[in-house]
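Asker: In order, the protein sequence lines correspond to chains S and G. Numbering follows our numbering, with no gaps: position 28 of the first sequence is 28. Numbering follows our numbering, with no gaps: position 7 of the second sequence is 1007. Take a look at this one; I'll ask things after.
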Amino acid sequence: AQSVSQHNHHVILSEAASLELGCNYSYGGTVNLFWYVQYPGQHLQLLLKYFSGDPLVKGIKGFEAEFIKSKFSFNLRKPSVQWSDTAEYFCAVKGGGSQGNLIFGKGTKLSVKP
Amino acid sequence: EPEVTQTPSHQVTQMGQEVILRCVPISNHLYFYWYRQILGQKVEFLVSFYNNEISEKSEIFDDQFSVERPDGSNFTLKIRSTKLEDSAMYFCASSEGARGLSGNYGYTFGSGTRLTVV
Chain S
1 AQSVSQHNHH VILSEAASLE LGCNYSYGGT VNLFWYVQYP GQHLQLLLKY
51 FSGDPLVKGI KGFEAEFIKS KFSFNLRKPS VQWSDTAEYF CAVKGGGSQG
101 NLIFGKGTKL SVKP
Chain G
1001 EPEVTQTPSH QVTQMGQEVI LRCVPISNHL YFYWYRQILG QKVEFLVSFY
1051 NNEISEKSEI FDDQFSVERP DGSNFTLKIR STKLEDSAMY FCASSEGARG
1101 LSGNYGYTFG SGTRLTVV
């Protein structure tokens, strides 16, 4: 069965610090990978997605993620965080064979101190 | 930008009561989903729906749950007899399809309905 692991439950950073959130998945076949963000009181929003091609994917708000197939990883990065990045971040995977449902990780809460 | 709309935003219900959560997916999307997020836990897949029938469901989606697309726009989740552990945020999502018209999987989530069972 597919699963997604996010290593950090809660990350606290100061503004301008660099961010890397880990995500590992278990699935042997072709995968589609996603990062979603959930700001306090709001719905899930897509940050970026990987389907194929360049393993370095750029998303909105300066976020990027790198797909490393050999490590089954899809880590999210941002060179310099802002207070407004305070949110919960979810990694999700969809196996190529399923109808379309996403498997989510448990989420990482990011708190950015001004 | 097209949105997935969910109503109500918050519903409080007594244990044992039936609730219906409503969603209006994006009009040209073909696949519809319900997910839920219990407070402090991860987002969990409940069910996907395509061509007027359930295409996949998780073990969470037991006989207490049902989904319906009663007309061309609404997509509903019904919980027949709510339990305390059904308290969660319920998200509706839609996508263009298995491969999507553009070749991508265009998932869009609604804002969620917070269900509180007391």
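Note that beta-carbon positions come from the ideal geometry of N, C-alpha and C, so glycine has one too. Predicted model, so just to flag it, every value in this text is computed and none were measured.
1) State the Cα-Cα distance for the pair residue 11 of chain S and residue 110 of chain S, rounded to the nearest angstrom.
2) Just confirm the distance between the C-beta atoms of residue 25 of chain S and residue 3 of chain S, as a whole number of angstroms; I'd bet it's less than 8 Å.
3) Which chain S residues are close to residue 1090 of chain G, counting only those with a beta carbon under 9 Å from its beta carbon?
4) With a cut-off of 8 Å, do at least 3 Cβ pairs link the region 1088 to 1096 of chain G to the region 69 to 88 of chain S?
5) Per DSSP, which residues does residue 43 of chain S bridge with? Please list them.
6) With distance defined between alpha-carbon atoms, name the residue in G/1064, G/1065, G/1004, G/1048 nearest to residue 1057 of chain G.
7) So, does the CB of residue 1109 of chain G fall closer than 7 Å to a CB anywhere in chain S?
8) How long is the line joining the alpha carbons of residue 1030 of chain G and residue 14 of chain S, rounded to whole angstroms?
9) Using beta carbons (cut-off 7 Å, strictly below), is residue 1083 of chain G in contact with chain S?
10) So, does the region 1031 to 1046 of chain G touch the region 1067 to 1086 of chain G, judging by three or more C-beta pairs under 8 Å?
11) Which same chain residues, not among the five before or five after residue 55 of chain S, have their C-beta less than 8 Å away from its C-beta?
12) Output, in chain order, the set of chain S residues within a Cβ distance shorter than 7 Å of residue 1112 of chain G.
13) Return helix, strand or coil for residue 61 of chain S, following the three-state DSSP convention.
14) Taking 7 Å as the CB-CB limit, is residue 104 of chain S close to chain G?
15) Consider the Cβ of residue 1048 of chain G: report whether some Cβ of chain S lies at a distance smaller than 7 Å.
16) Taking Cβ to Cβ, would you say residue 1002 of chain G is nearer than 7 Å to residue 1020 of chain G?
Answerer: The relevant details are as follows:
1) Taking the first residue of the first sequence as position 1, residue 11 of chain S is located at position 11. Taking the first residue of the first sequence as position 1, residue 110 of chain S is located at position 110. Residue 11 of chain S and residue 110 of chain S: Cα-Cα distance of roughly 5 Å.
2) Taking the first sequence and counting its residues from 1, the one referred to as residue 25 of chain S is at position 25. Taking the first sequence and counting its residues from 1, the one referred to as residue 3 of chain S is at position 3. With 8 Å as the limit, residue 25 of chain S and residue 3 of chain S qualify as a contact, their Cβ atoms being about 7 Å apart.
3) The sequence position of residue 1090 of chain G within the second sequence is 90, counting from 1. For a Cβ distance threshold of 9 Å, nothing in chain S lies close to residue 1090 of chain G: the least Cβ distance comes to about 11 Å.
4) no
5) As a working note, residue 43 of chain S is residue 43 in the first sequence. Note: residue 43 of chain S sits in no beta bridge, so no partner.
6) Within the second sequence, the letter at position 57 stands for residue 1057 of chain G. Taking only the C-alpha atoms, the option nearest residue 1057 of chain G is G/1048.
7) Taking the first residue of the second sequence as position 1, residue 1109 of chain G is located at position 109. So yes, residue 1109 of chain G belongs to the interface.
8) The residue labelled residue 1030 of chain G in the question sits at position 30 within the second sequence. The residue labelled residue 14 of chain S in the question sits at position 14 within the first sequence. Taking the straight line from one Cα to the other gives about 43 Å.
9) Taking the first residue of the second sequence as 1, we reach residue 1083 of chain G at position 83. Chain S contact via Cβ: absent.
10) Segment contact: the region 1031 to 1046 of chain G against the region 1067 to 1086 of chain G, three or more CB-CB distances shorter than 8 Å; contact assigned.
11) Translated into positions along the first sequence, residue 55 of chain S becomes position 55. Apart from sequence neighbours up to five positions away, the residues of its chain that approach residue 55 of chain S with a beta-carbon distance below 8 Å are 66, 67, 68, 69, ordered along the chain.
12) Counting from 1 along the second sequence, the entry for residue 1112 of chain G is found at position 112. The contacting residues are 43.
13) Your numbering for residue 61 of chain S matches position 61 in the first sequence. It is helical.
14) For the purposes of this step, residue 104 of chain S is taken as the residue at position 104 of the first sequence. Closer than 7 Å to some Cβ of chain G, the Cβ of residue 104 of chain S qualifies, so yes.
15) Counting from 1 along the second sequence, the entry for residue 1048 of chain G is found at position 48. Closer than 7 Å to some Cβ of chain S, the Cβ of residue 1048 of chain G qualifies, so yes.
16) Working through the second sequence from its first residue, we reach residue 1002 of chain G at position 2. Working through the second sequence from its first residue, we reach residue 1020 of chain G at position 20. Contact: no.
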